[in-house]
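The structure appears below as structure tokens.
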Amino acid sequence: MKLLIVAGARPNFMKVAPLIHCIQRHNASLQNGQPPVEFRLVHTGQHYDAQMSDVFFRELQIPKPDVSLDVGSGSHAVQTANVMTRFEPVCEQEKPDWVVVVGDVNSTVACTLVAAKLGIKVAHIEAGLRSNDRTMPEEINRLVTDAIADLLLTPSEDGSDNLRREGIAEHKIRMVGNIMIDSLVTHRNQNQGSKLLENLGVKERGFIYVTLHRPSNVDCRDSLAVIVKELSAIADQCPVIFPIHPRTRKRMEEFGLSFGDTPGLKLLDPVGYYDSITLTEDARCLLTDSGGLQEESTYFRTPCLTLRPNTERPVTVSVGSNRLTDVERLRTDLQNVLLGPERTGQIPDGWDGRAAERILEALLAV
Ligand code: UD1
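When the sequence shown is numbered by the working numbering, its final residue is 366 and no position is left out of the sequence of numbers.
Here it is in structure tokens:
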């Protein structure tokens, strides 16, 4: 069996790493001339900065990509089209049995379209998630990918139920658990001894970890201006650590917004994987619009406020530590979280560090 594994953007890297390591372990354990699982790693180059890509390869011990498509940034159409035109010849040359895509970014849908039209089977890891909000670019990517993929590997039962509701045949659906948690389980202690919190001048459970980059929050001046005001206000009460995503930084410059001099507010460049999981585990609470951080905070039971009207990860709300908020309620919700328990919620089923094994089993069984 030969796989082409696709990664393109920051949230993809912690999802491909466990699968690659699982395949390597599987191949090392083969006996009596059993054929190995061959794989090639394709990096589309949707994210390309050292802090958005290289640091994740290094920390997650992902091998150097076999193929780099170097597509870079662009409008949705340009970025998706560039991935497609550059990925097609790779498929034709490599002739894989499966293209494996993860998550919901533009690279995911682009490579799925190419493979499906070439008659190559597609496995989608993190299938079935739905925000039911088609203004989100990722929701379009999820719907299209799941409609044409051949094997839909869901992280939680709600994902499988969404697919059934959309008429996807049962034999294509497998609930395998959350592969991102595999990376978390493997790497959660690797920052031990780092002086991250000390260097930032904060104490364990004494700071709010903030990440915001969704177009719905940062591409609109009014909403970004309120966020800037509210973060400055809360930072007077509890220190805020805010690594700024390139999209958010760019928009702040365009809109002429800045934080001014607020000592409690620590603005950073994007942080690597180890630092991000340390901040998530040790924070008093999170404020985010990231899908991944909703899940990682759920695993650590760290209270999380998600600045979005909906989430494609409802299990983080129903069993986990997550709650939705909006800019009007932000100040009150943050105050309430700071008054509430330091840890809350439970770890959902299948978020156990073994999703990659179940994914490889599913691929080998088809
Ligand atoms: C993308 C994904 C989003 C994911 C996010 C995580 C889509 C539709 N969106 O959004 O689901 O949550 O990644 O980060 O696929 N830029 C850099 N350096 C980089 C990459 C981007 O400076 O390495 C800047 C560019 O100015 C670019 C902007 O960030 O225009 C946005 O990047 P883009 O890949 O278009 O989308 P993200 O907002 O990162």
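In this text, a Cβ means the ideal position worked out from N, Cα and C, and glycines have one as well.
All values derive from a computational prediction rather than experimental measurement.
By the 10 Å Cβ neighbour count, where 16 or more other Cβ atoms means buried, how is residue i classified, buried or exposed?
i	result
Glu-198	exposed
Cys-285	buried
Glu-138	buried
Gln-237	exposed
Val-210	buried
Ala-365	exposed
Val-78	exposed
Asn-106	buried
Gln-335	exposed
Gly-193	exposed
Gln-93	exposed
Gln-46	buried
Gly-72	exposed
His-245	buried
Asp-49	exposed
Leu-163	buried
Just verifying my parser: in three-state terms, what is the DSSP assignment at residue i?
i	result
Ser-276	helix
Tyr-48	coil
Val-90	helix
Lys-172	helix
Arg-40	strand
Val-240	strand
Arg-323	strand
Ala-9	coil
Leu-334	helix
Leu-231	helix
Leu-4	strand
Val-122	strand
Lys-95	coil
Ile-347	coil
Lys-266	strand
Ile-208	strand
Ser-68	strand
Cys-285	strand
Cys-111	helix
Thr-85	helix
Leu-197	helix
Val-105	coil
Cys-22	helix
Leu-224	helix
Leu-305	strand
Kindly say whether residue i, judged by its beta-carbon, lies nearer than 8 Å to any beta-carbon of chain D.
i	result
His-245	This model lacks chain D altogether, as it is built from one protein chain only.
Let me check understanding here. Comparing Cα to Cα, which of the options lies closest to residue i?
i	options	result
Val-226	Thr-280, Ile-5, Phe-259 and Phe-242	Phe-259
Arg-323	Asp-289, Gly-350, Pro-155 and His-26	Asp-289
Phe-207	Thr-332, Ile-359, Leu-257 and Thr-278	Thr-278
Glu-357	Leu-4, Met-1 and Arg-25	Arg-25
Ile-179	Arg-249, Glu-296, Ser-318 and Leu-30	Glu-296
Val-144	Asp-219, Arg-214, Cys-111 and Glu-157	Cys-111
Arg-313	Arg-130, Ser-75 and Cys-91	Arg-130
Thr-44	Val-55, Glu-88 and Ile-23	Glu-88
Ile-234	Asp-222, Arg-329, Ile-347 and Gln-51	Arg-329
Asp-104	Val-6, Lys-64 and Gln-34	Val-6
Gly-291	Thr-316, Arg-251 and Asp-70	Thr-316
Lys-95	Leu-3, Phe-57 and Thr-298	Leu-3
To the nearest angstrom, how far is the alpha carbon of residue i from that of residue j?
i	j	result
His-21	Asn-32	22 Å
Pro-303	Asp-161	26 Å
Asp-133	Ala-149	21 Å
Gly-340	Ser-321	11 Å
Ile-120	Trp-98	6 Å
Val-83	Leu-212	26 Å
Gly-170	Leu-151	For clarity, residue 170 is Glu in the given sequence; the question names Gly instead. The straight-line gap from Cα to Cα measures roughly 10 Å.
Leu-41	Gly-167	31 Å
Gln-190	Asp-352	18 Å
Leu-196	Thr-135	37 Å
Leu-231	Glu-253	17 Å
Gly-8	Gly-264	34 Å
Phe-39	Ala-28	14 Å
Glu-157	Ser-318	12 Å
Thr-332	Glu-361	47 Å
His-124	Val-100	6 Å
Thr-325	Gly-74	30 Å
Asn-217	Gly-177	29 Å
Looking only at its chain, what residues have a beta carbon closer than 8 Å to the beta carbon of residue i, apart from the 5 residues adjacent to it on each side?
i	result
Leu-60	Phe-13, Met-14, Ala-17, Ser-183, His-187 and Tyr-273
Arg-205	Asp-282, Ala-283, Arg-284 and Glu-342
Met-52	Ala-9, Arg-10, Pro-246 and Pro-270
Phe-255	Arg-221, Leu-224 and Ala-225
Among residues of its own chain, excluding the 5 on either side of residue i, which ones have a beta-carbon nearer than 7 Å to its beta-carbon?
i	result
Arg-116	It is Ala, not Arg, that sits at residue 116 in the sequence shown. Cβ within range, chain order: Val-122 and Ile-148.
Leu-257	Leu-224, Ala-225 and Val-228
Which residues in the same chain as residue i place their Cβ atom closer than 6 Å to its Cβ, once the five residues preceding and following it in sequence are excluded?
i	result
Thr-154	Ala-127, Gly-128, Ser-160 and Met-175
Lys-266	Leu-200 and Ile-241
Val-67	Val-42 and Val-90
Pro-65	Leu-41 and His-43
Say the cut is 7 Å; is the CB of residue i nearer than that to a heavy atom of the ligand GTP?
i	result
Lys-250	This structure lacks the ligand GTP; the ligands present are the ligand UD1.
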